[in-house]
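Trainee:
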Amino acid sequence: MSVVLAASAGNVVVWMVWLVAGFSCLASGIAVISFRNPFFSALALIGNLASLAVMYLLLSAEFVAAAQVLVYAGAVVVMFLFVIAYVGPRQEEAWKDGPRLQTLGAVLAAGALLVEVIVAVSLAAGNDLGHDSTVGPVFGSPSYIGRLFLVDHLLAFEITSVVLLIAAVGGVILGSHVKREVP
Amino acid sequence: MSGPGTTWYLVLAAFLFGIGALGVLIRRNPLIVLLSLELMLNGGNLALIAFSRHFADGAGQIFGLAVMAVAASEVCVGLGLVVAINRKKLPLDVDRLSELRG
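So the sequences go chain by chain: P and R. Under the numbering used here, the first residue of the first sequence carries the number 240, and numbering increases by one thereafter. Under the numbering used here, the first residue of the second sequence carries the number 7, and numbering increases by one thereafter.
1. By how many angstroms is the C-alpha of P:L340 removed from the C-alpha of P:F396?
2. What do you get for P:T373, buried or exposed, if any count of 16 or more other CB atoms within 10 angstroms of its CB means buried?
3. How do the region 31-48 of chain R and the region 280-291 of chain P stand: do at least 3 beta-carbon pairs fall below 8 Å, yes or no?
4. For R:D101, which residues from the same chain have a beta carbon less than 6 Å from its beta carbon, with the 5 sequence-adjacent residues on both sides left out?
5. Can you tell me which of the three DSSP states R:M40 falls into?
6. Just to confirm before moving on: does the CB-CB distance between P:L297 and P:V253 stay below 8 Å?
7. In three-state DSSP terms, what is P:S415?
8. Would a C-beta distance cut-off of 8 Å place R:A27 and R:M46 closer than the cut-off?
9. State the start and end residues of the unbroken alpha helix (DSSP H) segment that holds P:A312.
10. According to the Cβ coordinates, are R:M23 and P:V390 closer than 8 Å?
11. Which residue spans inside the region 258-299 of chain P form an unbroken alpha helix (DSSP H) run of at least 4?
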């Protein structure tokens, strides 16, 4: 009896954490796209990433959650903030003429995309979603991910490193201040 | 799994993806377009991790980490473009940057 009570209490706690994280995830997502100042949008993205990290922890993906916080909040958002500070605070101008049609089209297109994603996922996976697999405590730990990465998915690992290298070189070339001689 | 099932995570991921798509389509500041792109990638990532947990298969988490690397690369190139645009004193507005229009 007490075991059942403890299990249901654990369920309630997980649900509450999920609801708080999900609500803050959606709210900060809406905040990202609705702030006029990009600086506040980047700050709202940090909240989004943190709530997603909580989601990953609930899905027993500890290493991915840690990588999310390190890579995104630690590197990507900081780089965004640097560039926003470099570019300077620029507000978006208000729409001038004929904007309402474009806005309406954008909202319709985004809604259609959302419906398409939901329909596609439920058609592809709707029958399999009934029961979860059980996982051990090792699932999602750094050693598990490391073994998968370096044994089963070594090619993906190497390709990822090449992609990152090419992107870094491209970023340097785009941002560098070289005057090219036109022959 | 105690607590919410995989469907809940998938619905949340779909809505996150939709919010990001709306931001990409509706905003004209390239910086906010890039931030909205991050939202879309995160929605996809959440779905990947949820399926990984559902089928107890770690390949989804590996794919999620690869998506994170791709997102970092995309931010690197995108912010390089923003810096280049700013250096040329062009307007930071994706509607007015229309030189590539045929």
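Beta carbons are placed, not taken as given, at the ideal position from N, Cα and C, and that holds for glycine. Nothing here was measured: the structure is a model prediction, and the numbers come from that model.
Mentor: In this structure, then:
1. Each residue's alpha carbon lies about 45 Å from the other.
2. With fewer than 16 other Cβ atoms from the protein chains shown falling within 10 Å of its own Cβ, P:T373 counts as exposed.
3. The region 31-48 of chain R, when compared against the region 280-291 of chain P, does touch it at the 8 Å Cβ threshold.
4. Taken in chain order, the residues that qualify are R34.
5. The sequence given here has Leu at residue 40 of chain R, not Met. In the three-state scheme derived from DSSP, where H, G and I count as helix and E and B as strand, R:L40 is classed as helix.
6. For P:L297 and P:V253, yes; Cβs fall inside 8 Å.
7. P:S415: coil per DSSP, three-state reduction.
8. Taking 8 Å as the cut-off, the beta carbon of R:A27 is found closer than this to the beta carbon of R:M46.
9. Unbroken run through P:A312: none, as it is neither H nor E.
10. Before going further, note that residue 23 of chain R is Phe rather than Met in the sequence given. No, they are not a contact pair.
11. With a minimum length of 4 residues, the continuous alpha helix (DSSP H) runs that stay inside the region 258-299 of chain P are 277-297.
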